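J.: The opening residue of the sequence shown carries number 1 in full-length UniProt numbering; numbering runs sequentially from there. Glycine is no exception: its CB is placed at the ideal position from the N, C-alpha and C atoms. These figures come from a predicted structure and were not determined experimentally. Following this message is one structure expressed as structure tokens.
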Amino acid sequence: MIQISALPAFTDNYIWLLQDHNTQRCAVVDPGDAAPVQAWLAAHKGWVLSDILITHHHHDHVGGVEQLKKATDAKVYGPASETIPARDVALKDNDRVSVLGWDFDVYAVPGHTLGHIAYYHHGLLFCGDTLFAAGCGRLFEGTPEQMHTSLSRLAALPEDTLVYCTHEYTLSNLKFAAAVEPGNPDTAARLEKVTEQRAAGIMTLPSTLALEKLTNPFLRVDETSVKEKVDERNGTQNRSPSAVFAALRAWKDKF
Numbered sequence: 001m002i003q004i005s006a007l008p009a010f011t012d013n014y015i016w017l018l019q020d021h022n023t024q025r026c027a028v029v030d031p032g033d034a035a036p037v038q039a040w041l042a043a044h045k046g047w048v049l050s051d052i053l054i055t056h057h058h059h060d061h062v063g064g065v066e067q068l069k070k071a072t073d074a075k076v077y078g079p080a081s082e083t084i085p086a087r088d089v090a091l092k093d094n095d096r097v098s099v100l101g102w103d104f105d106v107y108a109v110p111g112h113t114l115g116h117i118a119y120y121h122h123g124l125l126f127c128g129d130t131l132f133a134a135g136c137g138r139l140f141e142g143t144p145e146q147m148h149t150s151l152s153r154l155a156a157l158p159e160d161t162l163v164y165c166t167h168e169y170t171l172s173n174l175k176f177a178a179a180v181e182p183g184n185p186d187t188a189a190r191l192e193k194v195t196e197q198r199a200a201g202i203m204t205l206p207s208t209l210a211l212e213k214l215t216n217p218f219l220r221v222d223e224t225s226v227k228e229k230v231d232e233r234n235g236t237q238n239r240s241p242s243a244v245f246a247a248l249r250a251w252k253d254k255f
């Protein structure tokens with residue numbers, strides 16, 4: 001059985017650590033800083049870092065890769081169409097990789113960056129900065145249409161899928177979600193719970209796709225309540241779901 005835990009980095013990043021207790025091999029996802037990973041390895045003698053999974057090229061996701069590669073010779077996986085330091089295996093849409101005995105499907109999810117990928121193993125999704133708890137990533141490179149398509153693809157996965165994104169943005173995202181859907185009881189309940197968790201210093205991840213579908217406005221652009229709120233705010237009639245998404249993302253950028 002593989003254990004998954006978080007190594008906090010910077011102010012709000014999580015480096016996901018996967019541990020195979022049978023072999024004492026481990027893997028990390030998006031190590032933007034080598035120090036938390038090296039500290040964990042130093043505190044857990046006998047463990048070997050064998051694999052590094054990268055979702056996209058931003059420095060807070062790849063900044064520690066070269067140092068970890070040099071220290072451990074771990075195999076580095078990353079998107080083929082982006083410049084990933086020390087990458088050994090270049091991945092594209094619908095590839096499959098085996099890490100710690102688990103098979104992961106690779107999904108291209110452009111939007112936040114053009115080459116962004118996600119890793120899916122039954123029940124688990126490592127989605128980088130594409131899908132967040134109650135939110136989604138900013139569109140630094142892609143179009144609203146691309147991001148809407150990417151999020152729709154992830155939302156089609158089984159509802160019990162655990163969502164391992166890489167930032168602790170849940171509280172601020174839920175405040176925006178409550179502004180979009182003030183009458184959504186699921187959002188209100190989640191906001192109350194997450195407010196208590198953060199006040200106690202408790203992390204809010206992973207989420208589940210079922211919870212995201214109930215409370216994440218970026219997965220709810222087909223809902224009348226979301227569409228009407230966006231139309232009301234913009235004074236326009238957004239005809240397509242991707243247009244609703246674009247208006248929603250623009251609103252969130254200024255929220």
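1) Quick check on residue 75: does DSSP put it in helix, strand or coil?
2) Over what stretch of residues does the alpha helix (DSSP H) that includes residue 146 continue unbroken?
3) Just curious, the beta strand (DSSP E) that residue 211 is in, first and last residue?
4) Are the beta-carbon atoms belonging to residue 109 and residue 77 less than 8 Å from one another?
5) For residue 258 and residue 233, I'd like the C-alpha separation in whole angstroms.
6) Could you tell me which of 242, 206, 251, 240 sits nearest to residue 5, measuring between CA atoms?
7) Would you kindly report the start and end of the unbroken alpha helix (DSSP H) that includes residue 139?
8) Does the Cβ of residue 30 have 16 or more other Cβ atoms within 10 Å, making it buried, or fewer, making it exposed?
9) Enumerated in chain order, which unbroken segments of the alpha helix (DSSP H) with a length of 4 residues or greater are wholly contained in the region 56-105?
10) Tell me which residue opens and which closes the alpha helix (DSSP H) that residue 50 is part of.
11) Would you mind stating whether residue 85 and residue 62 have Cβ atoms separated by less than 8 Å?
12) For the beta strand (DSSP E) that contains residue 19, what are its first and last residues?
13) If I follow the unbroken beta strand (DSSP E) through residue 109, where does it start and stop?
14) Taking the straight line between their C-alpha atoms, what separation do you get for residue 27 and residue 197?
T.: Answer, in terms of the structure:
1) To locate residue 75, count along the sequence shown from 1; it is residue 75. Looking at residue 75 - three-state DSSP - the assignment turns out to be strand.
2) Against the sequence shown, residue 146 aligns to sequence position 146. Where residue 146 is concerned, the enclosing alpha helix (DSSP H) stretches over 144-155.
3) Translated into positions along the sequence shown, residue 211 becomes position 211. Per DSSP, residue 211 belongs to no beta strand (DSSP E); it is in the alpha helix (DSSP H), 209-215.
4) Taking the first residue of the sequence shown as position 1, residue 109 is located at position 109. Taking the first residue of the sequence shown as position 1, residue 77 is located at position 77. In this structure, residue 77 does not lie closer than 8 Å to residue 109 by Cβ.
5) This structure cannot settle anything about residue 258, because the visible part of the chain is limited to 1 through 255.
6) The residue labelled residue 5 in the question sits at position 5 within the sequence shown. Measuring from the Cα of residue 5, the nearest candidate turns out to be 206.
7) Residue numbering aside, residue 139 sits at position 139 when the sequence shown is read from its first letter. No alpha helix (DSSP H) holds residue 139; DSSP gives it neither H nor E.
8) The count along the sequence shown starts at 1 and reaches residue 30 at position 30. Within 10 angstroms of the beta-carbon of residue 30 lie 16 or more other beta-carbons, which makes it buried.
9) If only uninterrupted alpha helix (DSSP H) runs of at least 4 residues are considered, those enclosed by the region 56-105 are 59-62, 65-72.
10) For the purposes of this step, residue 50 is taken as residue 50 along the sequence shown, with counting starting at 1. In the DSSP annotation of this structure, residue 50 is not part of any alpha helix (DSSP H); the continuous beta strand (DSSP E) holding it starts and ends at 48-53.
11) If you number the sequence shown from 1, residue 85 lands on position 85. If you number the sequence shown from 1, residue 62 lands on position 62. For residue 85 and residue 62, yes; Cβs fall inside 8 Å.
12) Taking the first residue of the sequence shown as 1, we reach residue 19 at position 19. Taken as a continuous stretch (DSSP letters only), the beta strand (DSSP E) holding residue 19 covers 13-20.
13) As a working note, residue 109 is residue 109 in the sequence shown. Taken as a continuous stretch (DSSP letters only), residue 109 belongs to no beta strand (DSSP E), as it is neither H nor E.
14) Counting from 1 along the sequence shown, the entry for residue 27 is found at position 27. Counting from 1 along the sequence shown, the entry for residue 197 is found at position 197. Approximately 27 Å between the Cα atoms of the pair.
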